[in-house]
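Worksheet: the structure to be examined is printed underneath.
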Amino acid sequence: MDDWEDEPHPNTPGTSKRARQKQKRKWSGLQGPDPELLEQRKQLPIWKEVPQFLHEAGLFSHGMIAVTQPRRIAATSLAARVSAEQRAPLGTLVGYSVRFDEKASENTKVKYMTDGMIVRELLNDPLLERYSVIVVDEAHERTLRTDMLLASLKSIQKRRNTKGRAKQTGGEVGKISEGKHNPLKVVIMSATLDAERFSKFFGGAKILFVQGRQHPVKIYYTEEPQPDYVESALQTLFQIHTQKETGDILIFLSGQEEIESLEHSINLYASQLSPTSPSILVCPMYAALSPHQQSLAFRPTPPNTRKCVIATNIAETSITIPGIRYVIDSGVSKEKSYQVPAKGFGIDTLVIKPISKSSAQQRTGRAGREGPGYCFRLYTEQAFRGFRSSSIPEIQRCNLTSAVLDMKCLGQNPETADFLDAPDPEKIGASLVTLFGLEALDQKGDVTPLGRQMSNFPLDPPLSRALLASKSHGCTAEIVSLLSLLSSSSKLFFDPASANSKAAAESLEARAKFRHPSGDHLTMFNALRAYEEITQIEDKRGAREWCNRHFLNERTLKEAGNIARQLRSACDRVEGMDRKVSCGDDEDAILKSLLLGFFQNTAMIQPDGTYRQTLGQKAVKIHPSSTMFGRKVPAIMYSELLQPISTINPSDTAEIIRNELDKKCDYFERARNLIVDAAVALTQAQLSSIRTRRNEFSPSNRLPDGILSHIFTVANDDWATIWGTPKRHRVGVPLVISSVSKRWRAIALDTPRLWAAFDATSSRYVHTFLARSKQAPLKIELVLAPPVWSTYDHFWDHFQPSMDTPSSLLLPFIPHADRWQSLRIHTKRQEDIERLTWSSLPHLETLHISVLKASLGFTAIHDVFAGERPPRLRSLTLERFSLPLTSPAFLSLTSLGLAGIRYPAGSIHQFLRILLPTLERLTLGDVAFSVPHNYDILRSSAPPAPDIVLPRLQTLTISDLEPNAQKYIFASVVFSPLLRLAISETRIGLFPPHYDITLRLPSLLCVRSLRITFAPTKAAFHIAGYGLDTNLSELSAII
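Here it is in structure tokens:
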């Protein structure tokens, strides 16, 4: 482990011979083929010294030297600076390669690249034999592609260096000997590297510490938290400008919007400064800026001027901005995150979060590069102590879909790959689900020919899928243009919010010229088409003025043109794909192609006018900047959350989803335990989409219980043997059998290790299943009758061709009643219920009985519940039949749900009193107590009933009750003890019109949430004791 002091580079003019010799000795430790780790103890530009030394030493002349950076701005700017120092045109001796842009040639010896670009090169060059040295810079940032690259380099270096070891001769390092492969040198560089951990990962790699020159930086904290850190940064800047000596300022903010807002404010206030005060030159810096605009920050500051650079975290490392003496640190940054819900597909988010301590140190160090400096932290010292030591690696928090596809194409298993930090299993599972839906993976989890074609495009998998879909829809030319816009790094339209009101109105008017009725995607396409036409008749200046008049970002349009050229070149390499094929005016072809890529990003309108994901549970909202804002259409498609958005044909959505449902889910058969949850999420998400299709065929807003498949688990390893699964795969093998086109009968075993969906249409399979499952607790759901609305044959013929069910299906479970933990029965036969003997169900905790024929009367149900109740029964739900109110089945319940139940008028108090001891949750839906139609409790001659007290009730849900029954209930029941015990949520839903409702809630202030849903009505709503009168149609919530 060596320790060096910083010295000038040996090629620096004026450097002494002794200094040059010392510099060469310093880097001589890099001459061997083994991996090296360089940790900068202080800020030091080793990003240029190391590649220059390796190149000038000529020790690795058999290939290029690649220097990876996590950001494109760093790769391009560093390449430009090193090329200038070498006095060679950029793209000759020194070049760069970033997404959609490359300047390199056959003579290039040192190439600066983003880590994503070199990972993509692995697809065509798995051993990276074009390179002799890979220098991974800023490794501490732990981007997703950096971690992928490190895992690959560890394997590649072992293979290439097996027979190519360095030979020591005469005390000097000899040339690398030739083996089967030319050896590969790996150098890991970072300023805040966890060196010991990286060294262990690379098998004990040598660590070289480099001491740089760092001037002292004085740190200031705020005394109080600063919620509006942008305003605080503005005030701090002008305090520095008016009170401190000369020196440029660097401000760290989270994103482009904040930077542009602060830039506008600075320019506004700077114009009001004294004429004798130095002027302020504002230089924004973020990834979406053009290279020319970014270069302004690196230029020398003009006389009598103070430069103010406002940047995102791209200015933390890699790039060095000269002249910075003051740093203002907001303490936040935008962080990518990928949320995997319980149902549906994952969701990408970009949220503002506190930075880590290492990032704060990096930002502080920016002020001490050229002399003593100052750092103003816009947060308290206590807040700093609460920061994480380092950021969570992207591989554990980001969308892995593109990375998983690349690994699959490389023949790597994302579940077992040797990463520095293992990725989140849920995120791997969600990525596999997405790729399967995009048809990039087959049933066995192998890459399909379509998936390999997708990997050839420098696009995210959904965009690649849409591009390949354009081949069959005959719209490749249009899709290429549109995807180039979607892949651009900045927005197409200027945000009116950043301008004054007049400009905002002009911007909206200009955008209206391109507006397409289908939404944002074709609106963007219209703008691009108009720009291309203008460039044919106008010079560069005229085109720029046209863009300014129409509030279009010309840089985005030019960048889209460059991207489109690369995509067309990639299309030429795909067999049968013609990049010139156009659909003309058939705009539906464009939307259908996009839909195949973004099928998971669709949403359907709900009865209340909101949108909910088709494959998932999330509610989505349309961003105000979208052309779809304020419009109500049946279905929408979005390429990312918020925007762009387009309206789509619901039948097209249904077709796509139906195709997804028809795919065989046994794709997961060979998957490991870590994607079990993903298998479940896929099945549940696919089947939940039927609910949306259901709205096309029936006026009902929900499906009857029992028509969806249910996932269940099996604990015993032997269970896998009946599926022919090899022994090594028995533990954690998800067995998901998609049988949507058949009648589902679902049985659930409550264990976490093995998942399966079981189509129990045959009692023989049930016997086998029960024998193999041994003593595992059983969760059973049996649908012993078709849905009550099964007359909609044109729909159900596709999904449910066989509606006949033998009632004998229940019989095999009877001998195993002592294992029942949960039972849900949907039936129209009295005999099915009579077979149950409650005294033989010692472990039954949840019971749900639903009669699928409303006119059916159960006379023997009294006898069924007259026996001993299940001792552990806690949750009971009854639908559409009567039950004796004195039944012991009610005792000790914590949850009760009643729907479609009819009771005599005088038994409401008796009914509720039975539930007093333990009931915590009560749900009443479509319950009537046979109250006379003209009954009015306030005028009744009968003596007033005593108040009913429910002491432990925490959640009350009431919906679809008859008006008189609601009057009766609310006039007879007091919920005061309930509310004093801190109720968590009370919902009262769907009140009919033509009556007033009074709730007696003496302790309303204890209610945490009272949500009221209703039909449009003029009925009044009263809360006794508080005098709150409001129109129901205006009342949404009371907190």
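Residue 111 in UniProt numbering sits at position 111 of the sequence shown, with consecutive numbering throughout. Idealized CB from N, CA, C, for every residue including glycine.
Are the Cβ atoms of residue i and residue j separated by less than 9 Å?
i, j, result
"A360", "F384", "yes"
"Q69", "D137", "yes"
"Q243", "T317", "no"
"L250", "I188", "no"
"S822", "L878", "no"
"R369", "A315", "no"
"T627", "D520", "yes"
"V332", "K353", "yes"
"S105", "A75", "no"
"N562", "D101", "yes"
"P35", "F202", "yes"
"V110", "I65", "yes"
"I395", "R142", "yes"
"L273", "S265", "no"
"R159", "L127", "yes"
"S895", "T923", "yes"
"L410", "S152", "yes"
"C398", "Y326", "no"
"L522", "E587", "yes"
Since I believe residue j is in contact with residue i (beta carbons under 8 Å), could you give me their beta-carbon distance rounded to a whole number of angstroms?
i, j, result
"S875", "T846", "4 Å"
"L595", "M637", "6 Å"
"L528", "A560", "6 Å"
"R568", "R579", "4 Å"
"A635", "A603", "7 Å"
"N182", "S132", "6 Å"
"H843", "R819", "7 Å"
"T525", "L486", "Note that residue 525 is Phe in the sequence shown, not Thr. Going by Cβ atoms, the distance from F525 to L486 rounds to 10 Å, so no, they are not a contact pair."
"G255", "K334", "5 Å"
"S593", "H473", "5 Å"
"G63", "R130", "6 Å"
Can you tell which of the options has the C-alpha that lies nearest to the C-alpha of residue i?
i, options, result
"F209", "R511, F202 and E196", "E196"
"I355", "E370, T349 and Y379", "Y379"
"G247", "L237, G255, L253 and Q256", "L237"
"T305", "F525, T923 and V282", "V282"
"K185", "G561, Q157, T627 and A205", "Q157"
"P393", "G365, Q412 and P423", "P423"
"S840", "I814, I825 and A315", "I814"
"Y221", "D329, R397, I395 and F598", "D329"
"P303", "Y326, S277, D818 and H292", "S277"
"L37", "E245, D194 and E263", "D194"
"I259", "T312, Y338, Q214 and R299", "T312"
"V217", "S261, A287 and Y374", "Y374"
"A139", "T162, R160, N124 and T114", "T114"
"Q294", "I280, T535 and V309", "V309"
"E85", "I534, K513, D228 and Q52", "Q52"
"F509", "E56, F494 and I605", "Looking at the sequence itself, residue 509 is Glu, so the reference to Phe does not match. Residue F494 is the option with its Cα nearest to E509."
"F514", "C547, G609, I207 and D348", "C547"
"L78", "L438, S490, F298 and R544", "F298"
"F598", "D460, S507, R511 and I319", "D460"
"G371", "H215, L350, M407 and E415", "H215"
"S470", "M577, L234, L54 and G542", "M577"
"I319", "R612, E56 and M285", "M285"
For the ligand GTP, is there a heavy atom less than 8 Å away from the beta-carbon of residue i?
i, result
"V98", "In terms of ligand content, the structure shown is empty, and the ligand GTP therefore cannot be addressed."
message: Check whether the region 581 to 590 and the region 477 to 492 touch, using three or more Cβ-Cβ pairs below 8 Å as the test.
response: yes
task: Return the chain-ordered ranges of every alpha helix (DSSP H) run that is complete within the region 241 to 324 and spans a minimum of 4 residues.
output: If only uninterrupted alpha helix (DSSP H) runs of at least 4 residues are considered, those enclosed by the region 241 to 324 are 256 to 270 and 291 to 295.
task: Please determine if the region 395 to 410 and the region 111 to 125 are in contact, where contact requires at least 3 C-beta pairs separated by less than 8 Å.
output: yes
task: Identify every run of the alpha helix (DSSP H) within the region 99 to 135, keeping only runs that are complete inside it and at least 4 residues long; order them along the chain.
output: Runs of the alpha helix (DSSP H) inside the region 99 to 135: 115 to 121.
message: Under 8 Å: do the region 542 to 556 and the region 443 to 454 share three or more Cβ pairs, one atom per stretch?
response: no
query: Is it true that the region 78 to 94 meets the region 412 to 432, where meeting means three or more beta-carbon pairs spaced less than 8 Å apart?
result: no
task: Give, in chain order, every unbroken run of the alpha helix (DSSP H) that is at least 4 residues long and sits entirely within the region 470 to 497.
output: Counting only runs of 4 or more, we get 476 to 486.
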